[in-house]
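Colleague: Sharing a structure here in structure tokens format.
Residue numbers (our numbering): 569 to 824.
What follows is the structure, encoded as structure tokens:
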């Protein structure tokens, strides 16, 4: 299984939280978001990693080091995440897990996704009674019988069952079909579409299963208030769970 991190965007909505750097280089607890994702992939046994770069590609390469493969989206300023994933299409056919670079999440979430017997699956946070209503920014998901039937930001929140995390797996039986969908959307001019548009089209044709976050902490960092919550609440919750694991681990974490 290959790991693919989409890290081409600038993250202008963070309004200087990352300084003049792209959003994947925002720091949380002494590590950048992308360094944390690389560590989580490594912990999960994925050492074949592709990073799609774009904005300030040299800085991202410096942060990630020589152990990963780089694909450059030279059109990052005029495209979106679907196009970034499409630029790596030649490397996807044998199966992959794709991560948006701006997601801070508990490592067990990736373990759950990799452990499922379903060939194609995504992680989602189910909406529960009492939760704040999903807004325009959330990538909303509708599920029937544990299978995704729709993914969209524009979905009526009342029809949504939860929110997409931006972490999706396509195994070897599913990946070629997803690549064909990416090819079709790009050929039709969908350069500014989000990657979930392709996932939604896949779900209309083949099973795409939804896995619950099981209340593990996570957050997508788009705005300054997201970053503040990540540092104040989400990262401490992750580190509380990780501390006993790290204390009893006999295996050193590979350096970046």
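Glycine is no exception: its CB is placed at the ideal position from the N, C-alpha and C atoms.
Could you give the first and the last residue of the continuous beta strand (DSSP E) run that contains residue 737?
Modeller: 730-738
Colleague: Looking at the strands, I want to know which residues DSSP matches up with residue 620.
Modeller: Bridge partners of residue 620: 574, 639.
Colleague: Kindly list the residues whose CB is nearer than 7 Å to the CB of residue 638, restricted to its own chain and excluding five residues on each side of it in sequence; keep chain order.
Modeller: 619, 621, 629, listed in sequence order.
Colleague: Got a sec, what are the start and stop residues for the alpha helix (DSSP H) residue 610 sits in?
Modeller: 601-611
Colleague: Quick one: any contact between the stretch 747-754 and the stretch 682-689, if contact means 3 or more CB pairs under 8 Å?
Modeller: The answer is no - the stretch 682-689 does not touch the stretch 747-754, with fewer than three Cβ pairs under 8 Å.
Colleague: Our contact map puts residue 672 next to residue 802 with C-beta atoms below 8 Å; I'd like the distance itself, whole angstroms only.
Modeller: 6 Å
Colleague: Alpha carbons only, please: which of 745, 794, 735, 659 is nearest the one belonging to residue 582?
Modeller: 794
Colleague: Any idea what DSSP makes of residue 654, helix, strand or coil?
Modeller: Helix.
Colleague: Would residue 614 pass as a contact of residue 663 if the rule is Cβ separation under 8 Å?
Modeller: no
Colleague: Kindly list the residues whose CB is nearer than 8 Å to the CB of residue 714, restricted to its own chain and excluding five residues on each side of it in sequence; keep chain order.
Modeller: 777, 778
Colleague: Between the C-alpha atoms of residue 580 and residue 741, what's the straight-line distance to the nearest angstrom?
Modeller: Here the alpha carbons of residue 741 and residue 580 stand approximately 37 Å from one another.
Colleague: Which whole-angstrom value describes the C-beta separation of residue 768 and residue 718, a residue pair presumed to lie in contact below a C-beta threshold of 8 Å?
Modeller: Taking 8 Å as the upper bound for CB-CB distance, residue 768 and residue 718 are in contact here, some 6 Å apart.
Colleague: Taking the beta strand (DSSP E) that residue 715 falls in, what are its first and last residues?
Modeller: 715-720
Colleague: Does residue 709 come out as helix, strand or coil in the three-state DSSP assignment?
Modeller: strand
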